[in-house]
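**Q** A single structure is presented below for examination.
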Amino acid sequence: MPTNLSFLQKTMLIVAALVLIIFTSQWLPINWGSLELAPTATVTVTGQADGQQINQIASFTASVMVSDADKEIATQTVNKQMEQLITQLKEFGIADKDLRTDQISVYEYKEPEPEILLFQDSMPPSPPRDGQPMWQASNTIHVTLRDISKASELATLLTNSGATDVYGPNFTVDDTTDLDHQLLTEAMEDARTKAELLLAGTNQKIKKVISISETGDNSYFALPMAGGGVMRADSSIDVPIEPGSQTIYKSIVVIFEIGR
214 MPTNLSFLQK TMLIVAALVL IIFTSQWLPI NWGSLELAPT ATVTVTGQAD
264 GQQINQIASF TASVMVSDAD KEIATQTVNK QMEQLITQLK EFGIADKDLR
314 TDQISVYEYK EPEPEILLFQ DSMPPSPPRD GQPMWQASNT IHVTLRDISK
364 ASELATLLTN SGATDVYGPN FTVDDTTDLD HQLLTEAMED ARTKAELLLA
414 GTNQKIKKVI SISETGDNSY FALPMAGGGV MRADSSIDVP IEPGSQTIYK
464 SIVVIFEIGR
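With the working numbering, the residue at position 218 of the sequence shown is 431, and numbering never jumps.
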């Protein structure tokens, strides 16, 4: 019997202790410790690369202009000469999509009459008198040449046609996909090299790439080239033309995670 009482007493003490713990835990804070995430160490650098791209497209602008006292004659003459020029361009191999009319204009003006100025010192000269009313008609066409090996041949055709003025060639690039990919790879290598230089002597190294973003307008800058400007008609020799090239730039911003 005493043994049973002793066991019962122990059980009651344990239960009482548990009740006390549960009751008091509602008011007593329990500190389980804290978990803190250390900020990731990073370095941000800019990678750059540039390369040359041979120009692939040449464009010309040709104008036909006629003046006549009769408006209808002026417009009909311009239309006829432009039709002949367009036919020549198509026979040369220019596609319809690469021919674009830029401007058509018809307007009236008056040619000043020449006069002999006879006046005394005390008399001012009389104002010039308007001459015969005239009409001027013009038509301007834009030509895109996709085979620049024929640029000199096309320039000669235009200058020997009925065109009053010929402007060009203006060279541009068309497809830069391959060079773009190459320059992006080089820009990434440049960024990594710069990051490694910045980390030299710090006992830190690049662990991984966090982000990459392309920046800038990646502009094309033309190098000086032959051609361009105004070419007058009636040229008896071939026009020498060199296509030149464009400088293409690529720039990226890379954030690297670094650590020991």
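Think of the CB as a built atom: it goes at the ideal place given N, C-alpha and C, for glycine as much as any other residue.
Computed from a predicted model, the values in this text were never measured in an experiment.
Three Cβ pairs or more, each shorter than 8 angstroms: is that satisfied between the stretch 349-365 and the stretch 283-302?
**A** As far as the Cβ criterion goes, the stretch 349-365 touches the stretch 283-302, which means the pair count is three or higher.
**Q** Give a yes or no on contact between the stretch 383-393 and the stretch 311-322, applying the rule of three or more CB pairs nearer than 8 angstroms.
**A** Verdict: no, contact absent.
**Q** Please state the DSSP three-state secondary structure of D393.
**A** Reading the sequence shown from its first residue, position 180 is the one you call residue 393. Helix, per DSSP.
**Q** In three-state terms, what does DSSP make of A230?
**A** As a working mapping, residue 230 is identified with position 17 in the sequence shown. In the structure shown, A230 sits in a helix (DSSP, three-state: H, G or I).
**Q** Using 8 angstroms as the threshold, is the C-beta distance between F273 and V422 below it?
**A** Here residue 273 refers to the residue found at position 60 of the sequence shown. Here residue 422 refers to the residue found at position 209 of the sequence shown. No; because the gap between Cβ atoms is not below 8 angstroms, this pair is not in contact.
**Q** By a C-beta neighbour count over all protein chains shown, 10 Å radius and 16 as the cutoff for buried, is A282 buried or exposed?
**A** Taking the sequence shown and counting its residues from 1, the one referred to as residue 282 is at position 69. By the 10 Å Cβ count, A282 comes out exposed.
**Q** Any chance you could list the beta strand (DSSP E) runs of at least 3 consecutive residues sitting entirely within the stretch 278-330, in chain order?
**A** Those beta strand (DSSP E) runs which fall completely within the stretch 278-330 and span 3+ residues are 312-325.
**Q** On the three-state DSSP scale, how would you describe T415?
**A** As a position in the sequence shown, residue 415 is number 202, starting the count at 1. DSSP places T415 in coil when its eight states are reduced to three.
**Q** To the nearest angstrom, how far is the alpha carbon of Q395 from that of M295?
**A** By 1-based counting over the sequence shown, the position of residue 395 is 182. By 1-based counting over the sequence shown, the position of residue 295 is 82. Going from the Cα of Q395 to the Cα of M295 covers about 44 angstroms.
**Q** Express the C-alpha separation of G264 and L392 in angstroms, rounding to a whole number.
**A** By one-based count along the sequence shown, residue 392 stands at place 179. By one-based count along the sequence shown, residue 264 stands at place 51. Rounded to whole angstroms, L392 to G264 spans 7 angstroms at the Cα level.
**Q** To the nearest angstrom, how far is it from the Cα of G414 to the Cα of I461?
**A** Against the sequence shown, residue 414 aligns to sequence position 201. Against the sequence shown, residue 461 aligns to sequence position 248. Distance between the alpha carbons of G414 and I461: 35 angstroms.
**Q** Please return the same chain residues whose Cβ sits closer than 8 angstroms to the Cβ of Q417, not counting the five positions on each side in sequence.
**A** Locating residue 417 in the sequence shown gives position 204, where the first residue counts as 1. Taken in chain order, the residues that qualify are A254, I471, G472 and R473.
**Q** Thinking just about the alpha-carbon of each residue, which of A308, V356 and D360 is nearest to the one in I267?
**A** Start at 1 with the first residue of the sequence shown, and residue 267 comes out as number 54. Residue D360 is the option with its Cα nearest to I267.
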